[in-house]
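K.L.:
In the numbering used here, the protein residues as written are -19 to 300.
Submitted below is the structure of interest, expressed as structure tokens.
See below:
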């Protein structure tokens, strides 16, 4: 996901990020150290920290403050993953056994809480506007997670609910990643609004692409069976489009039984191809990427701005 031009621009900062992350996650409790060690060792894509760093550079920030913000964003993200894996009964995370399966539910949840406490410690050393930003983002993430369960339970499938879920669960944190440097320097409102639009639209495009891949990707490359969302009763964008066709009742029944019958996922995939909703979903991704890139035009031209544009544009072509 992080292409060569982007990596070359922030590689030294990413290396410093990994070292600083180990320092921030230090604990005298062995189980917390082990979970944190797994987290740092597994790495992940680190594209949220990259968003912080690129936003900082686009705003002319070239100091250690960007590391604090990058770590706060990544720790908030990682804490939500620890909690999500337990909620979703996941088997693995980043190619490793999920923490709650390895160490137990209580240890996993409390380790996530430990990460959140480190976020608070970091933010205490920066302007209060950043604390408010992260608090609001944390609240929205929780609301998005609960709304997703509510929609599946009530079978209240709608485009409005779907967009609220993907905005809250994914896009708001990406917006915070690019907004945080601007808040730190009290940037003008037009700059803050541009970065907000970029983060939200890029984040929505990212999640729609993830949801599309859950249905259409090669299972061997995805690392898990396709159709996971269907099996959890989640109506993602391609499925919502199918609910607007003459096959709506059949698709609703598959959602209601959570794709529990043999051939259910394959049937939805066949319908997605035949009814053109895969291409329609891709057009929606492209439209949101376009809005994200356009929002950045108020920023001065720079390698960092161009890298932010490249990240968003690459989303439309992402295969995993």
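Each residue gets a CB set at the ideal place from its N, CA and C atoms; glycine is no exception.
Being a predicted model, the structure only gives us computed values, none of them experimental.
1) Assign residue 119 to buried or exposed, taking buried as 16 or more other Cβ atoms, counted over all protein chains shown, within 10 Å of its Cβ.
2) Which residue from 212, 15, -6 puts its Cα closest to that of residue 51?
3) Answer yes if the region 216 to 229 comes into contact with the region 249 to 259, meaning at least three C-beta pairs across the two stretches below 8 Å, and no otherwise.
4) Between which two residues does the alpha helix (DSSP H) holding residue 173 run?
5) Given a cut-off of 7 Å, decide if residue 211 and residue 239 are closer than it, judged by their beta-carbon atoms.
6) Using only the alpha-carbon positions, how far apart do residue 281 and residue 53 sit?
7) Give the straight-line distance between the Cα atoms of residue 109 and residue 163, rounded to the nearest whole angstrom.
8) Can you list, in chain order, the residues of its chain whose CB lies under 6 Å from that of residue 112, leaving out five sequence neighbours each side?
9) Under 8 Å Cβ to Cβ from residue 324, same chain only, skipping five residues before and after it: list those, please.
10) Rounded to whole angstroms, what's the CA-CA distance from residue 229 to residue 129? Just pull it up for me.
11) Taking the alpha carbon of residue 271 as the reference point, which residue from 175, -8, 106, 7 has its own alpha carbon closest?
12) For residue 49 and residue 191, what's the separation of their Cα atoms in angstroms?
13) Answer yes or no: do residue 92 and residue 57 have a C-beta to C-beta separation smaller than 7 Å?
14) If you count every other CB in all the chains shown that lies within 10 Å of the CB of residue 244, and 16 or more means buried, which is it?
15) Give, in chain order, every unbroken run of the alpha helix (DSSP H) that is at least 4 residues long and sits entirely within the region 215 to 285.
16) Considering Cα atoms alone, identify which of -8, 276, 137 is closest to residue 33.
17) Return the CA-CA distance between residue 105 and residue 11, expressed in angstroms with no decimal places.
18) Select from 268, 37, 80, 78 the residue whose C-alpha is nearest the C-alpha of residue 180.
19) Thinking C-alpha only, which one of -1, 262, 1, 4 is nearest residue 186?
P.N.:
By the coordinates alone:
1) exposed
2) -6
3) yes
4) 169 to 196
5) yes
6) 25 Å
7) 7 Å
8) none
9) For the chain, the structure presents residues -19 to 300; residue 324 sits outside this window and is missing.
10) 21 Å
11) 175
12) 28 Å
13) no
14) buried
15) 217 to 222, 228 to 236, 244 to 254, 257 to 275
16) -8
17) 27 Å
18) 268
19) 262
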